[in-house]
Ligand SMILES: [Zn+2]
């Protein structure tokens, strides 16, 4: 095994402005946890750091929407998200938050050091300003048309349609996300990171990075090819880390300047909690440490370019060894979208299933080098056909046979046959494969190679037929059980990173009390004569109904939550008295005829109960004229008469218009003449 270094692993700080979903887990947390758990088993000194990103415009916008303070929003979601991570077994050593005092001090120290070193470029410039709200409009406070792809709902910092990174002034037809007003330009001053100036130095460092995933390096190289632009490290906002300069009143650090520093401040807080205030330094400032950032692909530019430049220019810190970013996870073949309700919320998942099942199923379909898809049917298939039918079944057979036919103790291995020896050897060879998969951040492969050992065990059990040999060759039967139990014991450690709860249960069922670490994995983990303690089945099958319920919930929610943006916006409020001026009556069409020279208008005779009316209505294209007799309708009866194509119309028929412009009658079952209010 390679020399064990000190390892610092970070997972992207999630915004504390909403609950976590499947896409989060697949992006930056599950893989980091697999890696960390594996590394801890190998005996490495690991710190696993994360926390809530509590600054930035998405949070202030969420607060404004709810009419509360940003602090209320982040307090709510910090605790919720922290708990969900714990429930899924994401084994952070520390989960911090960027609204903490230590974080404010640490990021201000970074800014001050860089400023004193003359790193920043100060620029006076024109920025978008909302006079109605009396504030500048950074980032997502502006929406408009993307200059790159023409998408009309692009944000001031990024177009979510084409992925282009934008600045608010680049948007065409910008509007304020706060008031809907057209913003003005107003002069302001900001501190910029001159990324272009340091690009040559940065590229030299990048060339020393080994084994970066092609999807990650490819994206970084394409940014570099375009030439790095200056990026502002400050914003005109009230929520965030104040810029530590007297002349910067009313300005805060840009969220992507302070958020990655959150990894440092969280490590500091962890050290304080351990009672060794300086312990963070060896993880961040000792060259023996290997730093790994686990992120989703939308954060590549910040973790692979901006933050390394900040660390490099500061000078006291280690730079990332690798940034094994994941691509995006789709859901049931469609892009995940929280605003459209197309997401699986982690806290809801936990109401129905065990965390281990998702760790496994999601781990097996990770978007490691390209986007991948999660579907509930595949989840079910992974659980039923792999966890239950292969791993669970193998464990169950091994334990129940030992219980019934070997007095519940591990039998001795005597004169093993070739097949026994071969099966035992698989422990070592699979362990080797699993190890190299983890080392290369190929977690899907690590899962497949781990399951492969269970497959080998299952096949061995079937082929050696202990249910037959127990009568005619008891030692062969004993050997089969011995070998099978040793494979189970090896699996209980090798699959620990993926299935921590189930493997803990398995170890107790096997009566394994030895060390749980990578070195202890061998073909002799259990001693002959030691007792086993069979218990509950490790994995229950997921029934069709359970899966159908999940799919139904997803579809129902998507149907409700789909924004009906194709319909016109609501009109301004009117007073009740204005409404009462309308006299709407139930009516019934008596006859209908086309108006000559018009392909739109119909002349209708309508029974209004108290009298008959002639009404001209522009519905010819939308109705079947022969089916109109006796059609029940609603009529605005006191609309002033108006001549249309020479015919006086004495009222208006109410119609409903759908998002595609089709008209349908607003019907009523009421008797003609009834008033509608
Ligand atoms: Zn675009």
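Numbering (this note's numbering), first residue to last: 9 to 685.
Even glycine gets a Cβ: it sits at the ideal position worked out from N, Cα and C.
Treat the numbers as computed from the prediction; the structure is a model and nothing was measured.
Check, Outcome
"Counting only the same chain and skipping the five closest in sequence on each side, list residues whose C-beta sits under 8 Å from that of residue 275.", "16, 55, 57, 102, 288, 291, 292"
"Report buried or exposed for residue 213, applying the criterion of at least 16 other Cβ atoms within 10 angstroms of its Cβ.", "exposed"
"Measure the C-alpha to C-alpha separation of residue 468 and residue 431 and round it to an integer number of angstroms.", "7 Å"
"Report yes if the CB atom of residue 380 is closer than 8 Å to the CB atom of residue 489, and no otherwise.", "no"
"Provide the residue(s) that pair with residue 494 in DSSP beta bridges, ordered along the chain.", "The partner list for residue 494 (beta bridge, DSSP) is empty, contrary to what the question assumes."
"Could you tell me whether any non-hydrogen atom of ligand 1 is closer than 7 Å to the CB of residue 162?", "yes"
"Note down the Cα distance separating residue 623 from residue 579, rounded to an integer number of angstroms.", "26 Å"
"To the nearest angstrom, how far is it from the Cα of residue 51 to the Cα of residue 499?", "18 Å"
"Excluding the five sequence neighbours on either side, which residues of its own chain have a C-beta within less than 6 Å of the C-beta of residue 417, listed in chain order?", "537, 539"
"For ligand 1, is there any heavy atom lying closer than 7 Å to the beta carbon of residue 156?", "yes"
"State the Cα-Cα distance for the pair residue 557 and residue 551, rounded to the nearest angstrom.", "10 Å"
"Once DSSP output is grouped into helix, strand and coil, what is the label at residue 579?", "coil"
"Between residue 166 and residue 75, what straight-line distance do the alpha-carbon atoms span, to the nearest angstrom?", "25 Å"
"Exposed or buried, residue 157, counting other C-beta atoms within 10 Å across all chains shown (16 or more means buried)?", "exposed"
"Confirm, please, whether the CB-CB distance from residue 118 to residue 331 is below 8 Å.", "no"
"In whole angstroms, what is the alpha-carbon distance linking residue 544 and residue 409?", "15 Å"
"Is DSSP giving residue 225 helix, strand or coil here?", "helix"
"So which of 53, 636, 393, 111 has the shortest CA-CA distance to residue 598?", "636"
"Hey, quick one: how far does the beta strand (DSSP E) through residue 651 stretch, first residue to last?", "650-652"
"From residue 232 to residue 163, what distance separates their C-alpha atoms?", "23 Å"
"On the premise that residue 189 lies in contact with residue 153, defined as a C-beta separation below 8 Å, what is that separation, rounded to the nearest angstrom?", "Contact flag wrong, Cβ pair sits at about 16 Å."
"Beta carbon of residue 177: closer than 7 Å to some heavy atom of ligand 1?", "no"
"Ligand 1 heavy atoms versus the CB of residue 3: any closer than 7 Å?", "Residue 3 lies beyond the residue range present for the chain, which begins at 9 and ends at 685; the question has no answer from this structure."
"For residue 312, tell me which candidate among 324, 328, 270, 321 has the shortest Cα-Cα distance.", "328"
"If you run the structure through DSSP and keep just helix, strand and coil, what is residue 572?", "The pLDDT assigned to residue 572 is 44, lower than 50, so where the model puts this residue is not dependable; a value taken from the coordinates is nonetheless given after this. Residue state, collapsed to three classes: coil."
"Report all residues from its chain with a CB closer than 8 Å to the CB of residue 204; omit the five preceding and five following residues, and keep chain order.", "235, 236, 237, 238"
"Looking at residue 181 and ligand 1, is the gap between the Cβ and the nearest heavy atom below 7 Å?", "no"
"Residue range of the beta strand (DSSP E) that residue 153 falls in?", "150-153"
"Where does residue 590 land, buried or exposed, given buried means 16+ other C-beta within 10 angstroms?", "exposed"
"Quick one: does the C-beta of residue 676 sit closer than 7 Å to a heavy atom of ligand 1?", "no"
"For residue 683, which residues does DSSP report across the bridge?", "593"
"Out of 243, 279, 258, point me to the one whose CA is closest to residue 264's CA.", "243"
"Tell me whether residue 58 counts as near ligand 1, meaning its Cβ is closer than 7 Å to at least one heavy atom of that ligand.", "no"
"Taking only three categories from DSSP, how would you classify residue 465?", "helix"
"Does DSSP put residue 363 in a helix, in a strand, or in coil?", "helix"
"Using a Cβ-Cβ cutoff of less than 7 Å, which residues in the same chain neighbour residue 138 once the five nearest sequence positions on both sides are dropped?", "145, 184, 186, 187, 189, 191"
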